[in-house]
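Structure, as structure tokens:
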Ligand code: ADP
Ligand code: ZN
């Protein structure tokens, strides 16, 4: 039932192993890459549920794993968190030719990747993503980062992992809300570049979310394949990689307007953001209305939010949202850059969207 996707980046190419139970194979998959002590960075939630299984597999493979357990949450992705982690990593005695494992969600992956990229001018790292978001998005493509007072993910490096091990069975312990938030990024791949995949998700997405492992493996593998293709064409985001930002300009503005709080998870912001991007595309006469309706229907059916009205608490005002968007993006002559669609599966970038049209959409 498992699949392997290769991210092709010449000498930095690496495999993503996807399947239920891959965590049990982690030790043997990592073995050929490891020299000396093996630091494994995780958070307390993941440690409670999945660390023991990982340690069994490394022990079986004869590896000397050294767990480093951090506090969960975005707060850990900070300069203070980075300082603490780099000190702990150095303390394990991991060498220039060693490798560091990130076992957790996007927070652990982003922070650990950055720490590995900085340590001794760059040592190898492996990703074992344990959230759906991390499996289909943040563990693919080599972006690492921490947050600063000026904003999220503003300090970081491109540092590709040597291997990614995505165990779809570990997703079963993820809170439903986190699982759904990750699914928004899965649906994004359909919306941005693959209508047939979107149609497959209409038929099988709910099943995957409800624990059907073979459906989940397919959803994760296809998502990774699409991201890997885009990253292989444009590793440093000078072109095509921007399409992965579908729904993110609106989504980031909603996250900022709700204070990056429990009111809205990243994936929930992306779900609403994609619905808005599709509606904007319809409004500009670029996309058939049925496609936007159909996409929103799917979001609703699986249990994701699809409109600003779905955000709990006071409704973020159009002006506040626009302010956050302007902060995020260059505005030239009253026009902004957006990823829009000509239909489900056909995203493109344009820098010709009038702010007035965006304001009207946000006010509707
Ligand atoms: P993301 O991957 O969505 O960026 P985080 O790294 O913040 O997010 O993970 C989201 C939350 O889920 C954290 O509280 C984390 O500890 C928890 N978590 C991660 N993986 C699992 C899992 N497999 N089972 C249960 N909880 C998990
Ligand atoms: Zn995202």
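In this note's numbering, the protein residues as written are 9 to 372.
Where a beta carbon is used, it is the ideal one built from N, C-alpha and C, also for glycine.
Let me check understanding here. Comparing Cα to Cα, which of the options lies closest to residue i?
i: residue 238; options: 359, 252, 23; result: 252
i: residue 230; options: 212, 315, 183, 245; result: 212
i: residue 287; options: 368, 104, 217; result: 368
i: residue 84; options: 74, 68, 270, 115; result: 115
i: residue 187; options: 124, 274, 29; result: 274
i: residue 149; options: 225, 371, 35, 250; result: 250
i: residue 137; options: 92, 317, 58; result: 58
i: residue 4; options: 65, 233, 124; result: Here the chain has residues from 9 to 372 only, and residue 4 is not among them.
i: residue 40; options: 246, 160, 76, 105; result: 105
i: residue 313; options: 65, 280, 285; result: 280
i: residue 170; options: 256, 101, 38; result: 38
i: residue 181; options: 227, 204, 76, 28; result: 28
i: residue 177; options: 20, 9, 355; result: 9
Can you grab the Cα-Cα spacing for the pair residue i / residue j, in whole Å?
i: residue 134; j: residue 154; result: 18 Å
i: residue 12; j: residue 24; result: 5 Å
i: residue 63; j: residue 71; result: 9 Å
i: residue 200; j: residue 111; result: 29 Å
i: residue 87; j: residue 156; result: 7 Å
i: residue 22; j: residue 216; result: 26 Å
i: residue 327; j: residue 340; result: 18 Å
i: residue 362; j: residue 320; result: 28 Å
i: residue 307; j: residue 263; result: 18 Å
i: residue 310; j: residue 128; result: 45 Å
i: residue 49; j: residue 166; result: 19 Å
For residue i, is the beta carbon positioned less than 7 Å from some heavy atom of the ligand ADP?
i: residue 225; result: no
i: residue 260; result: no
i: residue 216; result: no
i: residue 186; result: yes
i: residue 139; result: yes
i: residue 53; result: yes
i: residue 75; result: no
Would you list the one or two residues that DSSP bridges to residue i?
i: residue 166; result: 151
i: residue 193; result: Residue 193 is not bridged to any residue.
i: residue 25; result: 12, 173
i: residue 74; result: 47
i: residue 135; result: 110, 172
i: residue 52; result: The partner list for residue 52 (beta bridge, DSSP) is empty, contrary to what the question assumes.
When every heavy atom of the ligand ZN is checked, does at least one fall within less than 7 Å of the C-beta of residue i?
i: residue 145; result: yes
i: residue 115; result: no
i: residue 278; result: yes
i: residue 193; result: yes
i: residue 58; result: no
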